[in-house]
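What follows is a single structure, written as structure tokens, with notes after it.
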Amino acid sequence: MGIDEAGVLARIQQLGLQSATLHDLVAMILSREEGDVGHYETAAADLVRRYPGKRLVDLGQSELHSIAGLEQFEGLRILAAIEIGRRAGQSRAQLVNEISSVEDAFRLFEWLAEEKQEHFCAAYLNTKGAVISTKVIHIGTLNMSLVGAREVFREAVRENAASVVVAHNHPSGDPTPSPEDLSLTQRLVEAGTVLDVKVLDHVIIGSKGNVSLMREGLI
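Quick note on numbering: the working numbering labels position 166 of the sequence shown as 175, and the sequence is numbered without any gaps.
Following this line, the structure appears as structure tokens:
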């Protein structure tokens, strides 16, 4: 039975796109008109089976070429839709103008959950908690010798920031802080005390959840 026969389009029109499964959404992206949706059911099912959930955002053209019944341009349409979603997430982060709670910090850095490599970032705040600027400090395996206090606080001094919130992602999806994460955080807190720039929080972003070291009592 095709997707159309299952009444998916009617349900989406009534309840909105949030009622659609990932399978439904992929088939709709591929379809040029309403009657085509069922035609792409097999390709959509194969794609979702191979790349469930958030793994879809890691797709490249080579992976899409291996999906039976999917032409090159159709694969590019899927990648274009994924890229739109990625950019929308980054735009949402840009709307966070102030960090007054852990949730604000999570929203500001939520885009990190989609990154394949570790990114270490910082948000610099004024005395009222307004975001002055954000910066990607380092990309790659998090290492205390590579992510130094100098790199983090150079921008803070330049911006005359009163405080900083640092963040990084765990590409594995598990946001549990590692011993290295805790050691780096302690070094940053100590350096911030010397420079009179308070490290408010270190948030770890993962596809399976987020962790605030401040909330956990680790700062």
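We put the beta carbon where it would ideally sit given N, CA and C, even for glycine.
- Counting only residues of its own chain and dropping the five nearest sequence neighbours on each side, Ser-142 has a CB closer than 6 Å to the CB of Tyr-133 and Glu-168.
- At a Cβ-Cβ threshold of 8 Å, Glu-164 and Ala-131 count as neighbours.
- The DSSP-derived three-state label of Asp-113 is helix.
- With a cutoff of 8 Å on beta-carbon distance, Val-174 and Ile-91 are scored as not near each other.
- C-alpha of Lys-207 to C-alpha of Ala-139: approximately 14 Å in a straight line.
- Nearest Cα to Ala-176 within the set Thr-136, Arg-116, Ala-53 and Asp-205: Arg-116.
- The beta carbon of Ala-200 sits closer than 7 Å to the beta carbons of Ala-158 and Phe-162 from its chain, once the five residues preceding and following it are set aside; these are given in chain order.
- As DSSP reads the structure, Asn-178 sits in a beta bridge with Ile-214.
- Looking at the backbone, the Cα of Ala-52 and that of Asp-190 are separated by about 41 Å.
- Nearest to Val-212 by alpha-carbon distance, out of Leu-193, Val-203 and Arg-59, is Leu-193.
- Here Glu-107 is bridged, per DSSP, to Ala-139.
- DSSP, read as helix, strand or coil, puts Val-198 in helix.
- In the same chain as Ser-221, and ignoring 5 residues on each side of it, the C-beta atoms closer than 6 Å to its own belong to Val-111, Asp-210 and Val-212, in chain order.
- In this chain, the alpha helix (DSSP H) harbouring Ala-158 covers 158-168.
- For Ser-187, the three-state secondary structure derived from DSSP is coil.
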